[in-house]
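These notes are about the structure you will find just below.
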Amino acid sequence: MEAEAAKFIGAGLACLGMGLAGIGVGNIFGNFLSGALRNPSAADGQFARAFIGAALAEGLGIFSLVVALVLLFVA
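The structure is reproduced here in structure tokens:
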């Protein structure tokens, strides 16, 4: 019984990474928008880098979801 409770607690803690990935993506695009408003001529050169950073942050969020699912259904 205690092992099942620990499994649910571990999966819940692993899911925190999904929320933190959302915060990271918001931070990336918020800082991009702030920089683009300050220097509009440089915005086009940084747009692709903003998407790469967002993709990496979302990838880590999906990885935390996979870890949570593994904890729930495999372990």
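Once you know that position 23 of the sequence shown is 23 in the UniProt record's numbering, the rest is easy, because the numbers rise by one and skip nothing. We put the CB at the ideal spot given by N, CA and C, even for glycine.
Note on geometry: alpha-carbon atoms of ALA68 and VAL74 lie some 10 Å from one another. Residues of the same chain with their beta carbon placed closer than 8 Å to that of ALA55 are lacking, with the five preceding and five following residues left out of the count.
Taking the Cα positions, ILE62 is about 15 Å away from LEU72. If you check the CB distance, ALA50 and ILE23 do not come in under 7 Å. Assigned with DSSP and collapsed to three states, ASN39 falls in coil, not helix or strand.
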